[in-house]
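Asks:
Protein chains in written order, with our numbering: chain A, 239 to 816; chain B, 135 to 527.
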């Protein structure tokens, strides 16, 4: 019996052992499950608890004009938020805050008298103003410092500047194109925290973010202002839809002004439509019209097949090309090449084009930079449209000679005219001359960059002479400067309609020119889209050219040539003006 | 007495090296872990990082003394003391509610304030209850298979102790006590049928207590999906799981636990095993489980080998108490069981627990030193072999 009992107990104790063995087996299995299989999931979950990532946004670089005047800056701002439930005496608090901010008390009371846990009282206000509110010592307010991009000149060169989004990254214009330079580098660091929110193992001070680099533009605020004023006047006076104007230094390709009307205020870019936001002098193309004739003339002279005094029969104003009839505004019997440019005869241009051949015309236009990006430092640049001569129909070839049937950007056109003013050497147009770091030290600079010798210096000079005649004797009389010699070419182009063909009554009036003729300092283009009072380039854009050029030359301290026997002109012994 | 005290029982002077090694290794590991787990908390609350480990070390020294003493007290001496001990324990359990004597911490009144030190009667109650049960079962030895004699009276006493424990409230200890009772009755030969009946009758009671208390219910639910309530009831478990997971196989290194930094609410007591799992990884967990396995295995072997029924029951009860507490605590920290407030024996911070557990180990070693004829013969043979070997050398 006893022996039996002992045996039974021994068996049962073995079962108890088994029970414990199983229990421990489960524990080990669970340990393997947690520590091996779920290791990464659980440790990541834990990391999320005690690792806090912090980052400090860098200060965005400043954009300066050529004279180191600020065009875009970053300001320290403060936003004030409130947790209404934590504020004792809401009405009193609201009154005090409103007084400090100089706001209407009623609105502040309304904002604080709110069921929501969190309300904004003031966003992006100056630190000094925020300090006044802080000094009130009201509990339940939160002050969040941040940085805000600010364009002190408001609409000035708005489309060139572009703007930044809420994340501080550039979205358009130079802000977008040079975002890598301007943005700087975040400083990121991690802080390990215990459950009480205290940090540990982080006795190092937080690293400072690397501020963004500054841009120094070729753009000049004064020239930009002159250009914008003249452009706005030209568009408004002629009831145009919009306008573009550019001022370029032919010898360096430096863009002194890049204006687009209607203006855009980057401080409030959301108010502007997309047409108003993008930099259309670079992104949009148009059919240049008669301004092309100067390049056609350059092609003709360079080819050696035509000279300036060669005459062409101009069909008395009506000329059939294929199934279409081309007309001149004023009918002419015969015109020299010079006369064709001066009086802007379409039929003459067709005749010259036929003389030199499609290939020559195409190659010259291509060499002037049409149909290819100029490589300017603006985002979204368009190529323009210049199809290969093999694809041209008879009417295409004819139209291209007087500037229809191919498309350019205003920047391409002014750069090409710049090449004529620079002894036939095309320069890459550029907006940014240097990148400096936040302490003003040079990071990189962009030197003038020749693209190619398009035509010989003598050809270029001959074309310039014709352009001078346009202003003195031809269609550009309204563009003639006072005190300076000038030359240019008018353009009145029909607009392509959305349905194909040309839109009735819709024109692009333009004027492109250089001044002064002795040694051109600036090349200027003015383009007015859909002017209604007058449609002719000379009438619509010419006066703006005159205004921009005169004022800019004065600003640039270019000596005016008051008259032929002016007292200012110094004479050499031979009597020639220097 | 049952007259089992025959001359076949021989006392061998031994400290049961395997058992002692297991216990000492656990206690040593415990001291390291108590320091690691508690230093941040100690520094924050008491301004000294060694506040807890210092105390634990003193209790360890006391525990060693107590172990030596109990190892030398013949376990049979407890036989007549079972009832007096039980009485005193019940009294102490009641006294925690006495104003001025009781000490409340963490929402539970578990401590008796003795002026220089506070004492947790429920820790002692476990061992004393085991003694009583061993005594009573020995007395009713041959009638154990009868429900009214073998099961009911023990359940009655267990119920009284449980009721006192629940009044603290100490749900974990009550469950542990019931489970130990079950194991002892099972080992003592109670009919499986009766035990099943017992379990069935306990279930509604347990359900009543669980459902009756909001926090216990929530803790119970938290076992199923601790992540769904990671902010309240599941908080401890979630952070405990994170600790184990972060530890991986090799651990983050001793002292490098993140979860002990106030994420785990009881890093040095209830959740010390999680900190160990984080710092020592799977290897550390395996070592601890193996050490407990060693202790339990030795304890149950002792229970089987001792040629004395009371000793056998006593050894079974002590081992079951230690083993169940250890396994339950480990399971809780791993999210396998709802949180109960049970500590990890030998490792967790807690003076009373450490001293009482070491005393229990002393008793166990004492029981182990009584060998039956077969073992005696084996020992003698071994000794003879050893002397022979020595002689040859």
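Built from N, CA and C at the ideal position, the CB exists for glycine as well. As the structure is a computational prediction, the values presented were derived from the model and not from experiment.
Using DSSP bridges, identify the partner residues of residue 688 of chain A.
Replies: Taking the first residue of the first chain as 1, we reach residue 688 of chain A at position 450. DSSP lists A/665 as partners of residue 688 of chain A.
Asks: So which residues on chain B does residue 274 of chain A lean against when the C-beta distance must stay under 9 Å?
Replies: In the first chain, the residue the question calls residue 274 of chain A occupies position 36. Chain B residues near residue 274 of chain A: 382, 383 and 416.
Asks: Within 8 Å (strictly less), CB to CB, does residue 320 of chain B reach chain A?
Replies: As a working note, residue 320 of chain B is residue 186 in the second chain. By this cut-off, residue 320 of chain B is an interface position.
Asks: Within 8 Å of any Cβ in chain B, is that where the Cβ of residue 246 of chain A sits?
Replies: To locate residue 246 of chain A, count along the first chain from 1; it is residue 8. It does; some Cβ of chain B falls within 8 Å.
Asks: How far does the alpha helix (DSSP H) with residue 563 of chain A in it reach, from first residue to last?
Replies: Counting from one through the first chain, the residue named residue 563 of chain A turns up at place 325. Element bounds for residue 563 of chain A: not the alpha helix (DSSP H) but the beta strand (DSSP E), 562–565.
Asks: Three or more beta-carbon pairs under 8 Å between the stretch 463–482 of chain B and the stretch 390–410 of chain B, yes or no?
Replies: Contact holds: three or more Cβ-Cβ distances are below 8 Å.
Asks: Who are the neighbours of residue 358 of chain B on chain A, taking C-beta pairs under 8 Å?
Replies: For the purposes of this step, residue 358 of chain B is taken as the residue at position 224 of the second chain. Correct list: empty, because the minimum Cβ distance to chain A is about 15 Å.
Asks: Is there a Cβ from chain E that is less than 8 Å from the Cβ of residue 429 of chain A?
Replies: Absent from the structure is chain E; the protein chains it does hold are A and B.
Asks: So for residue 492 of chain B, helix, strand or coil by DSSP?
Replies: In the second chain, counting from the first residue as 1, residue 492 of chain B sits at position 358. DSSP places residue 492 of chain B in helix when its eight states are reduced to three.
Asks: Tell me whether residue 390 of chain B is buried or exposed, calling it buried when 16 or more other Cβ atoms sit within 10 Å of its Cβ.
Replies: One-based indexing of the second chain puts residue 390 of chain B at position 256. So residue 390 of chain B counts as exposed.
Asks: Do residue 665 of chain A and residue 701 of chain A count as a contact pair if the criterion is CB distance below 8 Å?
Replies: Here residue 701 of chain A refers to the residue found at position 463 of the first chain. Here residue 665 of chain A refers to the residue found at position 427 of the first chain. No, these two residues do not count as a Cβ contact at 8 Å.
Asks: Contact check, residue 383 of chain B vs residue 417 of chain B under 8 Å by CB: the rounded distance?
Replies: In the second chain, residue 383 of chain B corresponds to position 249, counting from 1. In the second chain, residue 417 of chain B corresponds to position 283, counting from 1. Indeed, because the Cβ distance is near 7 Å, the residues count as touching under 8 Å.
Asks: According to DSSP, is residue 247 of chain B helix, strand or coil?
Replies: Residue mapping note: residue 247 of chain B aligns to position 113 of the second chain, counting from 1. The answer is strand: DSSP assigns residue 247 of chain B an E or B state.
Asks: For the structure I just gave you, are there three or more beta carbon pairs, one from the stretch 762–770 of chain A and one from the stretch 734–746 of chain A, closer than 8 Å?
Replies: Yes, the stretch 762–770 of chain A touches the stretch 734–746 of chain A.
Asks: With a cut-off of 8 Å, does the C-beta of residue 250 of chain A fall near any C-beta of chain B?
Replies: Stepping through the first chain from its first residue, residue 250 of chain A is reached at position 12. Closer than 8 Å to some Cβ of chain B, the Cβ of residue 250 of chain A qualifies, so yes.
Asks: Are residue 320 of chain A and residue 367 of chain A close, meaning C-beta to C-beta below 8 Å?
Replies: As a first step, residue 320 of chain A must be located in the first chain, where it is residue number 82. As a first step, residue 367 of chain A must be located in the first chain, where it is residue number 129. Going by C-beta atoms, residue 320 of chain A is not nearer than 8 Å to residue 367 of chain A.
Asks: Can you list, in chain order, the stretches of the alpha helix (DSSP H) that have 4 or more residues and sit fully within the stretch 324–404 of chain B?
Replies: With a minimum length of 4 residues, the continuous alpha helix (DSSP H) runs that stay inside the stretch 324–404 of chain B are 326–346, 348–358 and 369–381.
Asks: Quick check on DSSP: helix, strand or coil for residue 387 of chain A?
Replies: As a working note, residue 387 of chain A is residue 149 in the first chain. In this structure, residue 387 of chain A counts as strand in the three-state DSSP scheme.
Asks: Could you check which residue in A/415, A/494, A/369 and A/257 has the C-alpha nearest to that of residue 305 of chain A?
Replies: Your numbering for residue 305 of chain A matches position 67 in the first chain. Nearest option by C-alpha distance: A/494.
Asks: So, does the CB of residue 134 of chain B fall closer than 8 Å to a CB anywhere in chain A?
Replies: In the structure as shown, chain B begins at 135 and stops at 527. Residue 134 of chain B is therefore absent and cannot be evaluated.
Asks: Check whether the stretch 454–463 of chain A and the stretch 321–341 of chain A are in contact - that is, three or more C-beta pairs closer than 8 Å.
Replies: Touching, no.
Asks: Can you tell which of B/182, B/201 and B/264 has the C-alpha that lies nearest to the C-alpha of residue 215 of chain B?
Replies: As a working note, residue 215 of chain B is residue 81 in the second chain. The shortest C-alpha separation from residue 215 of chain B is found at B/264.
Asks: Mind checking whether residue 612 of chain A and residue 667 of chain A have CB atoms under 8 Å apart?
Replies: Residue mapping note: residue 612 of chain A aligns to position 374 of the first chain, counting from 1. Residue mapping note: residue 667 of chain A aligns to position 429 of the first chain, counting from 1. A contact, by the Cβ cut-off of 8 Å.
Asks: With a cut-off of 8 Å on the beta carbons, I'd call residue 728 of chain A and residue 485 of chain A a contact; round off their distance for me.
Replies: Here residue 728 of chain A is taken as the residue at index 490 of the first chain, counted from 1. Here residue 485 of chain A is taken as the residue at index 247 of the first chain, counted from 1. The pair is not a contact, with the Cβ atoms about 18 Å apart (cut-off 8 Å).
Asks: Distance cutoff 8 Å, beta carbons only. Does residue 301 of chain A sit that close to anything in chain B?
Replies: Taking the first chain and counting its residues from 1, the one referred to as residue 301 of chain A is at position 63. So no, residue 301 of chain A is outside the interface.
Asks: Straight-line CA distance for residue 246 of chain A to residue 321 of chain B?
Replies: Position 8 of the first chain holds residue 246 of chain A. Position 187 of the second chain holds residue 321 of chain B. Taking the straight line from one Cα to the other gives about 8 Å.
Asks: Give the list of continuous alpha helix (DSSP H) stretches no shorter than 4 residues that lie fully inside the stretch 694–768 of chain A.
Replies: The qualifying runs are 695–711.
Asks: Could you work out which residue in B/150, B/175, B/432 and B/496 is closest to residue 393 of chain B when comparing CA atoms only?
Replies: Residue mapping note: residue 393 of chain B aligns to position 259 of the second chain, counting from 1. Nearest option by C-alpha distance: B/175.
Asks: One question on the structure: do residue 299 of chain A and residue 492 of chain A come within less than 8 Å of each other, judged by their Cβ atoms?
Replies: Numbered from 1 along the first chain, position 61 holds the residue referred to as residue 299 of chain A. Numbered from 1 along the first chain, position 254 holds the residue referred to as residue 492 of chain A. Not closer than 8 Å, so no.
Asks: Output, in chain order, the set of chain A residues within a Cβ distance shorter than 7 Å of residue 446 of chain B.
Replies: Locating residue 446 of chain B in the second chain gives position 312, where the first residue counts as 1. Simply 247.
Asks: What three-state label does DSSP hand residue 361 of chain A in the structure shown?
Replies: One-based indexing of the first chain puts residue 361 of chain A at position 123. If DSSP states are grouped into helix, strand and coil, residue 361 of chain A belongs with the strands.
Asks: If you drop the 5 nearest sequence neighbours on each side, which residues of the same chain put their C-beta closer than 7 Å to that of residue 580 of chain A?
Replies: Working through the first chain from its first residue, we reach residue 580 of chain A at position 342. Result list for residue 580 of chain A: 704, 707, 708, 711 and 712, in chain order.
Asks: Which residues does DSSP pair with residue 292 of chain A in a beta bridge?
Replies: Indexing the first chain from 1 puts residue 292 of chain A at position 54. For residue 292 of chain A, which the question treats as bridged, DSSP gives the partners A/427.
Asks: At least one CB of chain A closer than 8 Å to the CB of residue 314 of chain B: is that the case?
Replies: Your numbering for residue 314 of chain B matches position 180 in the second chain. Chain A, which has no Cβ nearer than 8 Å to the Cβ of residue 314 of chain B, makes this no.
Asks: Does any C-beta atom of chain B lie closer than 8 Å to the C-beta of residue 264 of chain A?
Replies: Position 26 of the first chain, counting from 1, holds the residue named residue 264 of chain A. Cβ-Cβ to chain B under 8 Å: yes for residue 264 of chain A.
Asks: Could you tell me which residues DSSP pairs with residue 483 of chain A in its beta bridges?
Replies: Here the question's residue 483 of chain A lines up with position 245 in the first chain. Looking at the DSSP assignment, residue 483 of chain A forms a beta bridge with A/497 and A/764.
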